[in-house]
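Visitor: My questions will all concern the structure given below.
Residue numbers (our numbering): 6 to 207.
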């Protein structure tokens, strides 16, 4: 069963395109993670383009800092999440989207309800409280809004389903080491410079 846009969870696990390292503060990886996960929360799929970015987004630890302080600034342990999901998750653990495709764990219907298709999907739903009444209603409204824009207002559809204006210039970002420098050269900022940035994305 396919999920309605914009809540179509990936059917393949995420392969990291960036490999920065050497920052002493995990917050310094935020722009790398924004680009890595296409400017949306890995858990609820909320997008930066949907509202103000100030104080709304977080660097999220898959393995909590309380359990593994040594992983606090390890890039492979970090994902991009909205502040709400980050707060609900707290010190719980989630399936790693770089090892498990969330689209294989859950499905979303046209009314915003999420159903777990595998046990790890129940974890995702429970920990991030994705089926809370207000969250489900928010998803339902967004599904119908985006559908209306796609059918009747293409410019608004592109604005809501496109990338934010302030894309980070990772190719010129100072970093102590980077195991995947090709990722920075092909970040969304560089794609926009080359005229290759898609107008919308799922």
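Ideal Cβ positions, reconstructed from N, Cα and C, are used throughout, including at glycine.
Which residue or residues does DSSP assign as beta-bridge partners of residue 25?
Guide: 183.
Visitor: What do you reckon, are the CB atoms on residue 24 and residue 181 nearer than 8 Å?
Guide: Result no, Cβ atoms of residue 24 and residue 181 do not sit closer than 8 Å.
Visitor: How many angstroms separate the CA atom of residue 6 from the CA atom of residue 123?
Guide: Bear in mind that the predicted position of residue 6 carries a pLDDT of just 48, short of 50, making it too unreliable to give a figure here.
Visitor: Rounding to the nearest angstrom, what Cα-Cα distance links residue 142 and residue 149 in this structure?
Guide: Roughly 11 Å between the two C-alpha positions.
Visitor: Just how far apart, CA to CA, sit residue 75 and residue 98?
Guide: Those two C-alpha atoms are separated by around 16 Å.
Visitor: In this structure, does DSSP put residue 30 in helix, strand or coil?
Guide: Residue 30 falls in the coil class under three-state DSSP.
Visitor: Output the distance between the C-alpha atoms of residue 171 and residue 73, rounded to the nearest integer angstrom.
Guide: Distance between the alpha carbons of residue 171 and residue 73 is about 33 Å.
Visitor: Using the three-state DSSP reduction, which class does residue 132 fall into: helix, strand or coil?
Guide: It is helical.
Visitor: Hey, out of 113, 78, 128, whose CA is closest to residue 144's CA?
Guide: With distances taken between Cα atoms, residue 144 lies closest to 113.
Visitor: Identify the continuous beta strand (DSSP E) that holds residue 83 and give its terminal residues.
Guide: Unbroken beta strand (DSSP E) run through residue 83: 83 to 87.
Visitor: Across the stretch 200 to 207 and the stretch 26 to 41, are there enough close Cβ pairs to call them in contact, namely three or more that are closer than 8 Å?
Guide: Taking 8 Å as the limit for Cβ pairs, the verdict is that the stretch 26 to 41 does not touch the stretch 200 to 207.
Visitor: If residue 46 and residue 85 are in contact, beta carbons under 8 Å, what's the gap, nearest whole angstrom?
Guide: Contact flag correct, Cβ pair sits at about 7 Å.
Visitor: Ends of the alpha helix (DSSP H) at residue 141?
Guide: Per DSSP, residue 141 belongs to the alpha helix (DSSP H) from 138 to 157.
Visitor: Measuring CA to CA, which of 33, 161, 102 is closest to residue 67?
Guide: Selected option, being the one with the closest Cα: 102.
Visitor: Considering only their Cβ atoms, is the gap separating residue 52 from residue 42 smaller than 8 Å?
Guide: For residue 42 and residue 52, no; Cβs fall outside 8 Å.
Visitor: So for residue 118, helix, strand or coil by DSSP?
Guide: Coil at residue 118, not helix or strand.
Visitor: Could you tell me whether the Cβ atoms of residue 32 and residue 64 are closer together than 8 Å?
Guide: For residue 32 and residue 64, yes; Cβs fall inside 8 Å.
Visitor: Given a threshold of 16 other Cβ atoms within 10 Å of its Cβ, counted over all protein chains shown, does residue 57 qualify as buried or as exposed?
Guide: Residue 57 should be labelled exposed.
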